[in-house]
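Participant:
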Amino acid sequence: MRIQSPLTKKTYLSFAAKFCQWIKRRECGFFLYYNRAPLRIYEFINDKTLQKKFFSAKKTQFVLIDLDNYLCDSVDGIITYLKEQLKEKFVNRQNFEKLLESGGKKNTFFAFFIIPGEKLLTNECKDIYHYFAYLWEKYQVSTIIHFNTNVLRKETFSLFSRKPCYLQNRLNVPLYESYDGRNFCKFLLEQWGLKLDDQVIDIICRKSGNHFSLVKKLLHLVAADKIPLNKALKDPSIFDVSAVVFSFFSPEEQQIIKDIVANRIPNPSQERDYLLSMRFIKKENGHFTLSIPLLENYIKYKLKESLQLGIKEDAIVAGEVNIDTLFTPKEKTVMKLLISRQPHVVNRDELANALWGEKYDEFYSDWAIDQLVSRLRKKLRKVISKEPIATLKRRGFVLR
1 MRIQSPLTKK TYLSFAAKFC QWIKRRECGF FLYYNRAPLR IYEFINDKTL QKKFFSAKKT
61 QFVLIDLDNY LCDSVDGIIT YLKEQLKEKF VNRQNFEKLL ESGGKKNTFF AFFIIPGEKL
121 LTNECKDIYH YFAYLWEKYQ VSTIIHFNTN VLRKETFSLF SRKPCYLQNR LNVPLYESYD
181 GRNFCKFLLE QWGLKLDDQV IDIICRKSGN HFSLVKKLLH LVAADKIPLN KALKDPSIFD
241 VSAVVFSFFS PEEQQIIKDI VANRIPNPSQ ERDYLLSMRF IKKENGHFTL SIPLLENYIK
301 YKLKESLQLG IKEDAIVAGE VNIDTLFTPK EKTVMKLLIS RQPHVVNRDE LANALWGEKY
361 DEFYSDWAID QLVSRLRKKL RKVISKEPIA TLKRRGFVLR
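Just so we're aligned: 199 in full-length UniProt numbering is position 199 of the sequence shown, and the numbers increase by one with no gaps anywhere.
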């Protein structure tokens with residue numbers, strides 16, 4: 001049986017039913033969704049069978065206003081956009097409102113689905129939100145806004161919270177369940193004319209946390225590019241997509257995620273509650289974990305990359321983490337010397353003197369020094385992604 005949609009019918013109908021109920025009550029609202037793709041809104045707007053089921057014989061006129069792709073920051077620009085979308089002959093705001101008034105009298109349900117884009121999350125664009133609130137107040141036209149960022153934060157919430165109509169309804173759309181992840185994989189495989197073992201599909205969904213952007217990239221690497229799964233998981237392009245996913249979080253949300261990856265308990269906050277409600281993080285028995293393993297791998301790498309080696313209270317630290325216990329006494333001696341001299345070169349004689357004292361000639365061995373530095377490099381790779389100790393030929397060693 002051909003798979004018609006990236007979402008399972010169960011999930012699609014669940015979301016569509018909520019929107020229909022809002023519109024049927026002639027109310028407004030907004031939904032929070034982690035991805036750019038607006039919840040199959042294109043599909044919903046053109047689904048006349050579903051609309052007939054919810055609205056019976058009454059007419060419906062649904063319009064998607066994608067301001068993420070259509071550059072517009074004024075109400076007049078919105079009117080121009082709507083003229084193109086509705087293919088009506090109105091030429092100004094007054095004529096457009098007459099169209100809405102006429103539709104209301106004919107028992108037509110008007111609804112606007114707005115994707116505001118990043119630009120419209122600034123205070124300069126508040127008139128657009130106010131305009132659609134005005135249309136609701138005067139003509140009972142529903143406006144449903146799709147946000148792919150946490151607009152409940154203070155700096156963005158004030159944009160539309162002054163208009164109570166937007167707070168009539170709210171829907172958080174979290175990371176999908178595994179059955180939707182599998183459905184999405186099979187939908188893509190059908191489009192690409194490819195096949196893949198169900199067990200591999202399950203691993204792809206689990207590693208991606210059912211985040212569709214990561215699912216799609218990993219699936220393409222394995223199914224289309226024929227890269228073995230264990231190598232695909234470490235492919236640079238996975239890090240690139242993970243970086244984009246991470247960029248959608250606010251600085252406060254990013255810090256919470258970093259804290260969780262570093263095994264620190266995040267303090268209670270609105271941002272933490274948002275991440276929990278969207279299933280980006282989980283809490284079990286008081287312990288927090290990240291729900292997307294691929295994103296966790298990326299963050300661990302970035303954390304290791306940004307860590308600076310130092311000495312705190314006579315202990316070796318990476319960032320704020322005490323790593324003193326990783327090293328033997330001789331390794332600690334060398335590490336402390338390299339850290340204290342950073343970014344200058346420490347020559348072999350200086351290392352030998354630190355290890356064996358002034359009579360180091362009796363014990364000196366290039367082989368022993370090289371072996372000790374090699375062990376240090378292996379241990380440091382566990383906590384720092386970059387190669388921290390560089391060998392400068394005929395000069396010595398330096399901590400980078």
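Note that beta-carbon positions come from the ideal geometry of N, C-alpha and C, so glycine has one too.
Remember, predicted model here, so these are calculated numbers, not experimental data.
Along the alpha helix (DSSP H) that carries Phe109, what are the first and last residues, could you check?
Facilitator: One-based indexing of the sequence shown puts residue 109 at position 109. Careful: Phe109 lies outside any alpha helix (DSSP H), inside the beta strand (DSSP E) at 108-115.
Participant: By Cβ distance, which residues of its chain are closer than 7 Å to Leu152, with the 5 residues on each side in sequence left out?
Facilitator: The residue given as residue 152 occupies position 152 in the sequence shown. Around Leu152: Gln270, Tyr274.
Participant: On the DSSP letters alone, give me the boundaries of the alpha helix (DSSP H) that Asp66 sits inside.
Facilitator: Reading the sequence shown from its first residue, position 66 is the one you call residue 66. From DSSP, Asp66 is part of no alpha helix (DSSP H) but of the beta strand (DSSP E) over 59-66.
Participant: Provide the residue span of the alpha helix (DSSP H) that contains Glu296, from first to last.
Facilitator: Position 296 of the sequence shown holds residue 296. Segment 293-306, the alpha helix (DSSP H) holding Glu296.
Participant: Could you check what DSSP says for Phe31 in three-state terms: helix, strand or coil?
Facilitator: Taking the sequence shown and counting its residues from 1, one reaches residue 31 at position 31. The answer is strand: DSSP assigns Phe31 an E or B state.
Participant: Compute the Euclidean distance between the alpha carbons of residue 416 and Lys312, then round it to the nearest angstrom.
Facilitator: Not covered by the structure: residue 416. The range shown for the chain is 1 to 400.
Participant: Determine the contact status of Arg400 and Ala390, defining contact as a CB-CB distance below 8 Å.
Facilitator: Here residue 400 refers to the residue found at position 400 of the sequence shown. Here residue 390 refers to the residue found at position 390 of the sequence shown. Yes.
Participant: Of the residues Asn150, Leu294, Ile265, which one's Cα is nearest the Cα of Asn285?
Facilitator: Here residue 285 is taken as the residue at index 285 of the sequence shown, counted from 1. Minimum Cα distance to Asn285 is reached at Ile265.
Participant: By the DSSP assignment, the beta strand (DSSP E) with Gly181 in it spans what residues?
Facilitator: Locating residue 181 in the sequence shown gives position 181, counting from the first residue. Not the beta strand (DSSP E): Gly181 falls in the alpha helix (DSSP H), residues 178-192.
Participant: Can you check DSSP and say which residues form a bridge with Asn148?
Facilitator: The residue you call residue 148 lines up with position 148 of the sequence shown. None, per the DSSP bridge assignment.
Participant: For His211, name the three-state secondary structure that DSSP assigns.
Facilitator: Locating residue 211 in the sequence shown gives position 211, where the first residue counts as 1. Three-state DSSP puts His211 in coil, outside helix and strand.
Participant: Distance, Cα to Cα, Glu43 vs Phe187?
Facilitator: Along the sequence shown, one-based indexing puts residue 43 at 43. Along the sequence shown, one-based indexing puts residue 187 at 187. Using only the alpha carbons, I get a separation of about 15 Å.
Participant: For the alpha helix (DSSP H) that Ile369 lies in, which residues bound it at each end?
Facilitator: Taking the first residue of the sequence shown as position 1, residue 369 is located at position 369. Unbroken alpha helix (DSSP H) run through Ile369: 366-380.
Participant: Is His344 buried or exposed, if buried means 16 or more other CB atoms sit within 10 Å of its CB?
Facilitator: What you label residue 344 is simply residue 344 of the sequence shown in a count that begins at 1. Counting Cβ neighbours within 10 Å, His344 comes out exposed, since fewer than 16 surround it.
Participant: Which residues mark the beginning and the end of the beta strand (DSSP E) in which Ala315 is found?
Facilitator: The residue labelled residue 315 in the question sits at position 315 within the sequence shown. First-last of the beta strand (DSSP E) with Ala315: 315-318.
Participant: Using DSSP's beta-bridge definition, name the partner residues of Gly396.
Facilitator: As a first step, residue 396 is located in the sequence shown; it is residue number 396 there, counting from the start. In the DSSP output, where bridge partners are listed per residue, Gly396 has Leu392.
Participant: By the DSSP assignment, the alpha helix (DSSP H) with Leu229 in it spans what residues?
Facilitator: Here residue 229 is taken as the residue at index 229 of the sequence shown, counted from 1. 229-232 is the extent of the alpha helix (DSSP H) around Leu229.
Participant: Check whether the region 287-299 touches the region 239-252, counting contact only when three or more Cβ pairs, one atom from each stretch, lie closer than 8 Å.
Facilitator: At 8 Å Cβ cutoff, the stretches touch.
Participant: Along the chain, where does the beta strand (DSSP E) that runs through Val345 open and close?
Facilitator: What you label residue 345 is simply residue 345 of the sequence shown in a count that begins at 1. Where Val345 is concerned, there is no enclosing beta strand (DSSP E), given that its DSSP letter is neither H nor E.
Participant: Between Val334, Pro6, Leu32, Thr11, which has its C-alpha nearest Ser277's C-alpha?
Facilitator: Sequence index remark: in the sequence shown, residue 277 carries index 277 (1-based). Out of Val334, Pro6, Leu32, Thr11, Leu32 has the C-alpha closest to the C-alpha of Ser277.
Participant: For Gln21, is the classification buried or exposed, using 16 other Cβ atoms within 10 angstroms of its Cβ as the cut-off for buried?
Facilitator: Taking the first residue of the sequence shown as position 1, residue 21 is located at position 21. Counting Cβ neighbours within 10 Å, Gln21 comes out exposed, since fewer than 16 surround it.
Participant: Between the Cα of Ser250 and those of Arg206, Thr149, His220, spot the shortest distance and give me the residue it belongs to.
Facilitator: As a position in the sequence shown, residue 250 is number 250, starting the count at 1. Ser250 has its Cα closest to that of Thr149, out of Arg206, Thr149, His220.
Participant: What does DSSP give as the partner residue(s) for Arg170 in the beta ladder?
Facilitator: By 1-based counting over the sequence shown, the position of residue 170 is 170. DSSP lists Phe30 as partners of Arg170.
Participant: Restricting to Cα atoms, I'd like to know which of Glu331, Phe327, Gln308 is closest to Leu320.
Facilitator: Here residue 320 corresponds to residue number 320 of the sequence shown, with the count starting at 1. Correcting the residue type first, residue 320 is Glu in the shown sequence and not Leu. If we check each option's Cα against that of Glu320, Gln308 comes out closest.
Participant: Compare the C-beta of His220 against all C-beta atoms of chain D and say whether one is closer than 8 Å.
Facilitator: Of the protein chains in the structure, only one exists, and it is not chain D.
Participant: Here's the rule: buried if 16 or more other CB atoms are within 10 angstroms of the residue's CB, otherwise exposed. What is Gly396?
Facilitator: Residue numbering aside, residue 396 sits at position 396 when the sequence shown is read from its first letter. By the neighbour-count rule (16 or more Cβ atoms within 10 Å), Gly396 is buried.
Participant: Could you give the distance in angstroms between the alpha-carbon of Glu155 and the alpha-carbon of Ser161?
Facilitator: Translated into positions along the sequence shown, residue 155 becomes position 155. Translated into positions along the sequence shown, residue 161 becomes position 161. If I take the Cα positions, the gap works out to 11 Å.
Participant: What number of angstroms, rounded off, separates the C-alpha of residue 460 from the C-alpha of Asn123?
Facilitator: Past the boundaries of the shown model lies residue 460; the chain is included only from 1 to 400, so the question cannot be answered.
Participant: Measuring alpha carbon to alpha carbon, tell me which of Glu84, Val398, Lys282, Lys379 ends up nearest Lys304.
Facilitator: Reading the sequence shown from its first residue, position 304 is the one you call residue 304. Taking only the C-alpha atoms, the option nearest Lys304 is Lys379.
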